[in-house]
Amino acid sequence: SIVACLVLQEASARVTVLSGRTLGEALRPPGSGGVGASWMVATAAGAILLGCAAYEGGNILGAAAGVGLVAAVSPALVAVVLGAAAGALLWLGSTRTVVRVMSVLVAVMGLAFLYAAAALRPAAGAVVQGALVPSVPAGSGLLVLGLVGTTVVPYNLFLGSGIAAGQRLDEMRFGLVVAVVLGGVISMAIVVVGSAVAGTFGYAKVAGVLAARLGPWGRGLFAAGLFAAGFSSAITAPLAAGITARSLFSHARVGRTWGEQGWRYRTVWSVVLGIGVALGATGVRPIPAIIAAQALNGVLLPLIAVFLLLVVNDRALLGNDGINRTAANVLTVAVCVVALLLGVANVVRAAAAAFALPAPTDRLLLWTALAAVAVLALPTARAVRRRRSS
-15 SIVACLVLQE ASARVTVLSG RTLGEALRPP GSGGVGASWM VATAAGAILL
35 GCAAYEGGNI LGAAAGVGLV AAVSPALVAV VLGAAAGALL WLGSTRTVVR
85 VMSVLVAVMG LAFLYAAAAL RPAAGAVVQG ALVPSVPAGS GLLVLGLVGT
135 TVVPYNLFLG SGIAAGQRLD EMRFGLVVAV VLGGVISMAI VVVGSAVAGT
185 FGYAKVAGVL AARLGPWGRG LFAAGLFAAG FSSAITAPLA AGITARSLFS
235 HARVGRTWGE QGWRYRTVWS VVLGIGVALG ATGVRPIPAI IAAQALNGVL
285 LPLIAVFLLL VVNDRALLGN DGINRTAANV LTVAVCVVAL LLGVANVVRA
335 AAAAFALPAP TDRLLLWTAL AAVAVLALPT ARAVRRRRSS
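Per the numbering used here, the very first residue in the sequence shown carries number -15; after that it's consecutive.
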């Protein structure tokens, strides 16, 4: 997940730094007037906005769960208050201000989980082996896809591209490596903390385990990390939705309405935020909702990755020095293939469950996924070749 995130985030930000166009603008066909009638733009917009809306529900629920661990407050009330706070920040603050607030929240989350993971003292050898040797237990495909999807979130590619404007290439790459690697380490710490729980997983159970092993403050530590994770993401998803929609659909004639104070931009992030608050207020079980949202993003990832593969091989857009080299293309293709394998396998599982069919075997899932890769390989290769030769 960390490697995939680095490859795709670097590519999306590179497009903006070298061409001056965001990823969404780069996906628009020439002469489309900014709205873009092409299937690529329409599909990308629908997929990203749907993913943001689905993810927002889990964000609000997660933050509310953190508050609920230390205070007996109605989850519905917490969801409304958090939604109002996120909405006020997005409405009144600039993109840079919002990013600074999120950075503080992420720092709180990171410190909380890193300290909790270290205090649990897991076996160092087991941690290293788990980090370097892939192991997928039977029946955990959806969860694996969720872990990939929560690290390589498709809307973050558009968000990263949108905030890369004005940076130098070396500056962008250094900041990206630090942020992604640090984020990956925090994700690993969260998994280590979760692994301390035996049996059925639940937030209250994690808090109880930490309190038993670390003392009474362990519960508050976990609650702070959970709240910071949920609330920072509750700001990120609507922000990314607005930036994505603006990059895909804005143009000269409606430029003001897509600005940070424009009604189109505000409408997009307001809808995404409203969906999250509604889910939080209705008392949906948070953990299944979060896993489902992460898995949805994992399914959307190969689609966005293929779009990005085409853009970073566009010689007319990036010039001879900016397009992908062979090694970068190999890594990007590998990310696309792995994401597609995971995504197709889980779509087949979900379809079988929906129609009450027998659970597909691993062999069937593998061959179905490979067939999907084979179908997409030739047209994608041709499109890449055309763009590199233009």
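Backbone N, C-alpha and C define an ideal beta-carbon position, used for all residues, glycine too.
- Three or more beta-carbon pairs drawn from the region -9 to 11 and the region 312 to 323 are found closer than 8 Å, and the two stretches are therefore classed as touching.
- The three-state reading of DSSP puts P59 in helix, counting H, G and I together.
- At a Cβ-Cβ threshold of 9 Å, A367 and L324 do not count as neighbours.
- Approximately 5 Å separates the beta-carbon atoms of T6 and G146; this is inside 8 Å, confirming the contact.
- Ranked by how close their Cα comes to the Cα of P138, the residues E244, R370, G35 have G35 in first place.
- The region 89 to 107 makes contact with the region 212 to 231; the number of CB pairs closer than 8 Å reaches 3 or more.
- Segment contact: the region 179 to 199 against the region 95 to 103, three or more CB-CB distances shorter than 8 Å; contact assigned.
- With contacts defined as CB atoms closer than 9 Å, G327 and L284 qualify as a contacting pair.
- In the three-state scheme derived from DSSP, where H, G and I count as helix and E and B as strand, E(-6) is classed as helix.
- Counting only the Cα atoms, V176 lies some 16 Å from A188.
- Only residues of its own chain outside the window of five on either side were considered, and among them T316 have a CB closer than 6 Å to the CB of L293, listed in chain order.
- V136 is positioned such that its CB atom lies no closer than 9 Å to that of A10.
- The beta-carbon separation of A96 and A208, rounded to 5 Å, stays under the 8 Å limit for a contact.
- Nearest to A318 by alpha-carbon distance, out of P286, A300, D346, is P286.
- DSSP places Q113 inside the alpha helix (DSSP H), whose first and last residues are 108 to 116.
- Straight through space, the alpha carbons of G123 and R347 are spaced by roughly 14 Å.
- Per DSSP, reduced to three states, the secondary structure at R152 is coil, with no helix or strand assignment.
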